[in-house]
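Numbering (this note's numbering), first residue to last: 10 to 402.
To start, the structure itself, in structure tokens.
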């Protein structure tokens, strides 16, 4: 969606001067919001601090399961997340035992197939994510062909070797917001309320109402996944034409939650179509706290976008389980590529913030005054709550 970031540089400051950013300028925290102060037995005021996760950069590696991509690809992502001080998502395929050293940077996902889900799995990660929908294929489940299900994948997912791994379109125990609330609190009970719970939803026409329901159901984080999200397991017609662009979706969700007094009770993650640091800055201006990236990470690992993931014969060792192909990815080198990518994004994000005269990511979040639409129709400008390019503040 054509938008530009409006950089307002004070007259006394040269735009060519380097902007010195304070340490932690791009740091965000995700998790349950802190409650107000309460009086303890001694008569003193105290505030109970709920579980929270600190991100050194507002970018998270999105859900890519073991099976859909190779173990070496996942290890590359996990190592990069740990080095960068951010998070990665296991996807719906369970947690491979080799990811144990990186569990402090791991989001564990509970999807409709419930593969590998048990109390130990829920307690392994820092955040629990309940996947309701996916932006690349709203309303469609998942299918991992049996030929990809080798011994390690079968063990991780808890299914017979060589059998198809089917994820139904809906969760068969969730048919209302009340059902979702029950699952959220089941996850919280299983982890003794020590883990934030996220709900991932697809960007569809009523996404704002769904997000409002998820917030009221007890979600600490809401992840909105938009059109243009990547997948190797969806019909091309669905992938390219169903759903909303993430810019419109996250703006609608942010506005709805603000109007209902819920925005400060949840964190928002936006995903689907985040391809560069400028996209990251725009999505934060539209209300997101952080962004999910998937395709951009795979490109850094060597993906050539041949769109043949479903064949299991990825020449770059990413979307394959063939041992002769997977060894083409060295986790040490792959993780360094991802570190280079997000380090560059972090520097570029800080450059954008500096050009705006902003020195903290909190001042960027929801700051639509810094955005302008380029050639967008009036109805989209109203939906995004931004002005046309050329209009003054």
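Where a beta carbon is used, it is the ideal one built from N, C-alpha and C, also for glycine.
These numbers come from a predicted model, not from an experiment.
Separation of residue j from residue i, as counted between CA atoms
i	j	result
residue 261	residue 392	7 Å
residue 319	residue 132	31 Å
residue 279	residue 155	32 Å
residue 373	residue 367	7 Å
residue 128	residue 198	10 Å
residue 63	residue 108	20 Å
residue 362	residue 66	13 Å
residue 171	residue 331	14 Å
residue 87	residue 401	44 Å
residue 315	residue 303	15 Å
residue 122	residue 360	42 Å
residue 194	residue 226	9 Å
residue 263	residue 333	46 Å
residue 16	residue 162	Confidence at residue 16 is low in this model, with a pLDDT of 47, below 50, so the placement of that residue should be treated as unreliable; the coordinate-derived value is given next. Between residue 16 and residue 162, the C-alpha separation is close to 48 Å.
residue 398	residue 389	13 Å
residue 114	residue 387	42 Å
residue 102	residue 214	28 Å
residue 345	residue 110	18 Å
residue 75	residue 106	11 Å
residue 200	residue 230	16 Å
residue 375	residue 267	10 Å
residue 265	residue 281	20 Å
residue 246	residue 252	11 Å
residue 385	residue 33	34 Å
residue 124	residue 274	30 Å
residue 240	residue 254	16 Å
residue 269	residue 112	35 Å
residue 340	residue 301	21 Å
residue 365	residue 31	15 Å
residue 456	residue 140	The question about residue 456 has no answer here: the residues shown for the chain are numbered 10 through 402.
residue 180	residue 89	32 Å
Supposed contact pair residue j and residue i - C-beta distance, whole angstroms, cut 8 Å
i	j	result
residue 207	residue 228	7 Å
residue 286	residue 358	5 Å
residue 178	residue 150	4 Å
residue 100	residue 238	Residue 100 to residue 238, Cβ: 13 Å. No contact.
residue 135	residue 204	7 Å
residue 168	residue 152	The pair is not a contact, with the Cβ atoms about 13 Å apart (cut-off 8 Å).
C-beta contact flag for residue i and residue j at 8 Å
i	j	result
residue 218	residue 235	no
residue 347	residue 309	yes
residue 335	residue 81	yes
residue 377	residue 294	yes
residue 338	residue 85	yes
residue 242	residue 138	no
residue 104	residue 130	yes
residue 8	residue 183	Given that the chain is displayed from residue 10 to residue 402, the structure contains no residue 8 and the question cannot be resolved.
residue 209	residue 256	no
residue 355	residue 91	no
residue 299	residue 119	no
residue 157	residue 40	no
residue 327	residue 307	yes
residue 98	residue 116	yes
For residue i, the nearest candidate out of the options (CA to CA)
i	options	result
residue 370	101, 317 and 289	289
residue 159	148, 173, 96 and 397	173
residue 93	381, 353, 390 and 363	353
residue 395	401, 382 and 272	382
residue 61	101, 79 and 38	38
residue 296	283, 399, 75 and 272	272
residue 148	250, 386, 306 and 270	250
residue 142	89, 216, 115 and 264	216
residue 277	126, 212, 169 and 351	212
residue 222	188, 98 and 384	188
residue 190	220, 323, 166 and 169	220
residue 244	317, 146 and 165	146
residue 79	324, 350 and 283	324
residue 350	340, 305, 375 and 365	305
residue 165	201, 200, 274 and 126	126
residue 77	275, 317 and 385	317
Going along the chain, which unbroken runs of the beta strand (DSSP E) with 3 or more residues stay wholly within the region 157-216? 174-176 and 206-211
Report the start-end ranges of each beta strand (DSSP E) in the region 269-327 that is 3 residues or longer and not cut off at the edges. 276-280 and 299-302
Extract the residue ranges of the beta strand (DSSP E) inside the region 112-158, only unbroken runs of 3 or more that lie entirely within it. Correct list: 115-119, 136-140 and 151-153.
To test your reading of the DSSP string, which unbroken alpha helix (DSSP H) runs of 4 or more residues are found completely within the region 326-365? 332-335 and 340-365
Write down every uninterrupted run of the alpha helix (DSSP H) in the region 70-99 whose length is 4 residues or greater and which is fully enclosed by it, in chain order. 80-93
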